[in-house]
Amino acid sequence: MYDAIVIGAGLVGLGVVNALQEADPQRRILILEKERGPAAHQSGHNSNVVHSGIYYTPGSLKAQLAKQGNRSMFAFCREHDLYHDQCGKVIVATQLNELDRLENIYQRGLQNGLQVTRLSQAQLREREPHVNGLEALLVPNAGIVNYAEVAAKLAEIIVRRGGEIAYGHQVEALREHATGVTVTAAGDTFEGRLLINCAGLFSDRIAKLAGYETGMKIVPFRGEYYVLDDAKNHLVNHLIYPVPNPDFPFLGVHFTRMYNGKRDVGPNAVLAFKREGYRKCDFSLRDLSEVLGYRGFWKIAGNYLGEGLAEMRRSLSRRRFAENARRLIPALQEQDIRPGPAGVRAQALTADGKLVDDFHFVQGKRSLHVCNAPSPAATASLEIGREIVRRHLSAF
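Read in full-length UniProt numbering, the sequence shown has 159 at position 159, and its numbers run on one by one without any break.
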C-alpha cells in the first residue's frame, strides 16, 4: 500500500509530492498521470512567467504564496542549473483613466512587501523605447523560467528519492474506505492511505468520481499567443503588461520575453470547446455540453458579453489582435506577428456565475481535492505543495 497517491503530474501535483518527501523521505508515494510525461497541460502551456504577487489582496494567501513562490522558483532553477531570467516587468498605463488603477496596484505592491518603482513617461522610454505609456510601474523580481523544464527536473528528483510515477494511467474509478483509497487507472488497481487530486482541468470530475460535490465547475478558456518576428525582438526588453481591465477577469494581452529568445504576444481568453482544446477546431461534445448546460456559465456570459465577443473577434483576426497589442507598442504591425502556442486555463465557476479566484479545496475522508489552483499556481507550486502539506495533511 502506498502512503499517498497523487493524481496529476503537473506542477501542483509535483509540488505536493516534493513537500511530502521533504517532510518524510521514507513515505511511499505514487503519482498517476494520464499523459506520457509531466506538465502536459496547464503547467506546460502557459506564459512561463514567474509572478511577483503585485496584483493580489495584501495579506491574502495568494499574495503570500506568490511572494514566497517567486523566491523558491528562482532558487530552485539556480540550484539545478535551469533556465531563469529575472528580467523584471513593467505595468503600463496608456490612458488617463488607468492612472488611478495603476496607483492602486502600486500601493498593493508596497503593502505586499514588494520592490516596486514608479516610472515617469521619460523613465519608461529609457527602459522600453517603443512602449506607449503615460506612467508605469517597474517590478524587478518578476521574470521567466521554462516550467516544462522545471516539472521534468522535479519529476526526476521525486523518482530519485524513491517516488513512483505511472505515466499513461488515466484514473477510471476510485473508492474511499476506512483505511484508505482504492484507485483504478489504465486497468491497474492501486491502494493508498491517502489520495490527493491535482488533476487540473479534470479536478472537478475526479472529485465527483470520489463522491464529492465541489460547488463549482471547470470551464476551459483557451489563451492564444502570437510570436513576434525575430527582427522585432528589440521592441521588448522586459515583461510588458497593460493595466488590467476591471471589467474582465484576465490580465489582458501582454508581451513576454521568453526562455527561447522569442517574444510572445498574448494571450487572449476565449471559451474552449474542449477541456484540452488547444486548437480552435478541437471539440468535445461532453465538455461543451457541460458548459452550455451549466447555469453559472450563462450568468457570467451575460456579465462579460461585450468583452467576450471582442475576445472572440480577436481570436479570429490577426489584424484585430495586432490592433489590441498596439495599445502598448504602437510600432507593431500585423505582419510582425505569427500564430504561436496556446494554453487552456481551468477556470472554476460557481453556479451563480462567480469566478473562483482563489485556491479551492474539498476535503474528503481519505482524500484532498485541489479543485482550483489559479495563477500564480505555477510560480508558487513549490510553496503551494508545502502549504497543502502543512494545512491539510499535517496529521498524515
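Virtual Cβ for every residue (Gly too), placed ideally from N, Cα, C.
- Three-state secondary structure (DSSP) at His41? coil
Q. Got a sec, what are the start and stop residues for the beta strand (DSSP E) Ser367 sits in?
A. Ser367 to Asn372
Worksheet item: If we count the other Cβ atoms within 10 Å of its Cβ and call it buried at 16 or more, is Ala75 buried or exposed?
Response: exposed
message: Using only CA atoms, which one of Ile105, Tyr83, Asp188 and Asp336 lies nearest to Val227?
response: Asp336
Quiz item: At a cut of 8 Å, does the region 37-49 reach the region 96-106 through at least three beta carbon pairs?
Solution: no
Practice problem: Pull up the DSSP beta-bridge partners for Leu355, would you. | Solution: Leu349
Pair within 9 Å by beta-carbon distance, Ile329 and Ile158: no
Per DSSP, cross-strand counterpart(s) of Ile165: Ile31
| message | According to DSSP, is Asn197 part of a helix, a strand, or is it coil? | response | strand
For Tyr259 and Tyr225, what's the separation of their Cα atoms in angstroms? 15 Å
Thinking C-alpha only, which one of Val90, Val16, Ala66 and Glu383 is nearest Val236?
-> Val90
Return the Cβ separation of Thr350 and Val356 in integer angstroms, given the expectation that the two are a contact with Cβ distance under 8 Å.
6 Å
Practice prompt. Could you tell me whether the region 133-147 touches the region 110-118, using the rule of 3 or more Cβ pairs below 8 Å?
Written response: yes
At a cut-off of 8 Å, is Val389 close to the ligand MG when judged by its beta-carbon and the heavy atoms of the ligand?
The model depicted lacks the ligand MG and carries no ligand whatsoever.
**Asked** Hey, does Arg279 have any beta-carbon neighbour from chain C nearer than 9 Å?
**Response** Among the chains in the structure shown there is no chain C, since it carries only a single protein chain.
Review point. On the three-pair Cβ rule with 8 Å, is the region 206-226 touching the region 61-75?
Key: no
Checklist entry - Where do the N-terminal and C-terminal ends of the beta strand (DSSP E) with Gln363 fall, by residue? => result His360 to Gln363
Could you give the distance in angstroms between the alpha-carbon of Arg318 and the alpha-carbon of Glu22?
-> 47 Å
Here's the rule: buried if 16 or more other CB atoms are within 10 angstroms of the residue's CB, otherwise exposed. What is Cys281?
exposed
### Message
What does the Cβ neighbour count give for Thr179, buried or exposed, with the cut at 16 atoms within 10 Å?
### Response
exposed
- Item | Nearest-angstrom Cα separation, counted from Asp24 out to Tyr304 | 47 Å
Contact under 9 Å by Cβ, Val181 with Arg193:
yes
Bridge partner(s) assigned by DSSP for His177
Gly180
- Task: Let me know if Leu239 comes out buried or exposed under the rule of 16 or more other beta-carbons within 10 Å of its beta-carbon.
- Result: buried
- [ ] Report back the beta-carbon spacing between Ala166 and Glu33 to the nearest angstrom; my notes put them in contact at under 8 Å.
- [x] 7 Å
So, under 8 Å CB-CB, Ala19 and Gly385 are touching, yes? Tell me the CB distance rounded to an integer number of Å.
4 Å
By the 10 Å Cβ neighbour count, where 16 or more other Cβ atoms means buried, how is Gly59 classified, buried or exposed?
-> exposed
Range covered by the alpha helix (DSSP H) that runs through Lys153:
Tyr147 to Arg160
query: Ser203 and Gly8: beta carbons closer than 9 Å?
result: yes
- Expressed to the nearest angstrom, what Euclidean distance is found between the alpha-carbon atoms of Asn132 and Pro242? 10 Å
- Got a sec? Which residues, its chain only, sit under 6 Å from Met1 by beta carbon, not counting five neighbours each side? Glu191
Self-check item: Length of the line joining the Cα atoms of Arg295 and Glu323
Solution: 34 Å
Proximal residues to Glu128 (C-beta, below 7 Å), its chain only, five neighbours per side dropped: Val90, Asn237, His238 and Ile240
message: Measuring only the C-alpha atoms, how far is Leu11 from Arg313?
response: 32 Å
Consult DSSP for Ile54 and reduce its assignment to one of helix, strand or coil. coil
> Quick one: is Thr189 buried, meaning 16 or more other Cβ sit within 10 Å of its Cβ, or exposed?
Replying inline: exposed
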